[in-house]
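Here's the structure, in structure tokens; my notes come after.
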Amino acid sequence: MPVPFSQVEALLALPRDFYERPTIEVARDLLGKTLIHRRRAGRIVEVEAYLSEQDRAAHAWSGRTRRTEVLYGPGGYCYVYLVYGMYHCLNVVAETAGSPGCVLVRALEPLCGIETKPPCNGPGRLTRALGIDLRQYGADLTAGPLTVRDALRPLTEIVQTGTRIGIRHATDWPLRFWLASPT
DNA sequence: CAATAGATCATCT
DNA sequence: GATGATCTATTGC
Numbered sequence: 066m067p068v069p070f071s072q073v074e075a076l077l078a079l080p081r082d083f084y085e086r087p088t089i090e091v092a093r094d095l096l097g098k099t100l101i102h103r104r105r106a107g108r109i110v111e112v113e114a115y116l117s118e119q120d121r122a123a124h125a126w127s128g129r130t131r132r133t134e135v136l137y138g139p140g141g142y143c144y145v146y147l148v149y150g151m152y153h154c155l156n157v158v159a160e161t162a163g164s165p166g167c168v169l170v171r172a173l174e175p176l177c178g179i180e181t182k183p184p185c186n187g188p189g190r191l192t193r194a195l196g197i198d199l200r201q202y203g204a205d206l207t208a209g210p211l212t213v214r215d216a217l218r219p220l221t222e223i224v225q226t227g228t229r230i231g232i233r234h235a236t237d238w239p240l241r242f243w244l245a246s247p248t
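Numbering (this note's numbering), first residue to last: 66 to 248.
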């Protein structure tokens, strides 16, 4: 593995304050941060922001239901759901209680514990690579086996912005952010 | 290459 | 009963 686990384990988890801000800021700031599940870790390189009831593409668009319940709680918790019957998607709840913003984590750069045979870019492959499923629904990302921690190293890439992928509504909103090497 | 179909199930109507 | 914030395999140029 490129990075020993002890090195990512030493990173500090992001505090609740980090998440309880506008969703778009949280999305951009998550880039470069370290996602750890048990002994597997990756560097976040692509995310998408999903806003509240105004965002037709967001699950919260149809209001508060059993599935979206965690989105209405405080920030810093994990929102996982199953798409197309076989893939899980990992989201980070943003904003304070009552405001259902969240950030979909779309791609990781493997750091340790991850078999890179199947790449871990794409929300479905990412959760499979980390071993995440519906059991982590509602998990606290500031403590426990599933955490988001500080960046391992400063950003050397630039943040690019574009439209979200794989959705049927609000397809032209520039809410997708990813890291790219400077040209 | 690009386009498309199929897998498969929790959640919502 | 319909619908996906997906991915893979397969078909057709």
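Think of the CB as a built atom: it goes at the ideal place given N, C-alpha and C, for glycine as much as any other residue.
Check: Grab me the residues of Pro87's own chain with a C-beta within less than 6 Å of its C-beta, minus the 5 sequence neighbours each way, in chain order.; Outcome: none
Check: For Pro188, name the three-state secondary structure that DSSP assigns.; Outcome: helix
Check: Could you check whether Val158 and Val91 sit closer than 7 Å to each other, using their CB atoms as the reference points?; Outcome: no
Check: Does the Cβ of Lys59 have 16 or more other Cβ atoms within 10 Å, making it buried, or fewer, making it exposed?; Outcome: Lying before the first or after the last residue shown, residue 59 is absent from the chain, which here runs from 66 to 248.
Check: Applying the criterion that 16 or more other CB atoms from any shown protein chain within 10 Å of the CB defines a buried residue, is Ile223 buried or exposed?; Outcome: exposed
Check: Counting C-beta neighbours from all protein chains within 10 Å, is the total for Ile230 16 or more, i.e. buried, or is it exposed?; Outcome: exposed
Check: Does Thr221 pass the burial test, meaning 16 or more other C-beta atoms within 10 Å, or should it be called exposed?; Outcome: exposed
Check: Which residue comes first and which comes last in the alpha helix (DSSP H) that contains Thr88?; Outcome: Thr88 to Leu95
Check: Report the rounded CA-to-CA distance for Arg104 versus Gly150, giving the unit in angstroms.; Outcome: 27 Å
Check: Since Tyr115 is in the beta strand (DSSP E), which residue starts that stretch and which ends it?; Outcome: Arg105 to Tyr115
Check: Candidates Ala235, Arg233 and Pro219: which alpha carbon is nearest Leu330's?; Outcome: Not covered by the structure: residue 330. The range shown for the chain is 66 to 248.
Check: If you draw a straight line from the C-alpha of Ala162 to the C-alpha of His153, how long is it?; Outcome: 24 Å
Check: For Leu77, which residues in the same chain have their Cβ closer than 8 Å to its Cβ, ignoring the five residues on either side in sequence?; Outcome: Arg214 and Asp215
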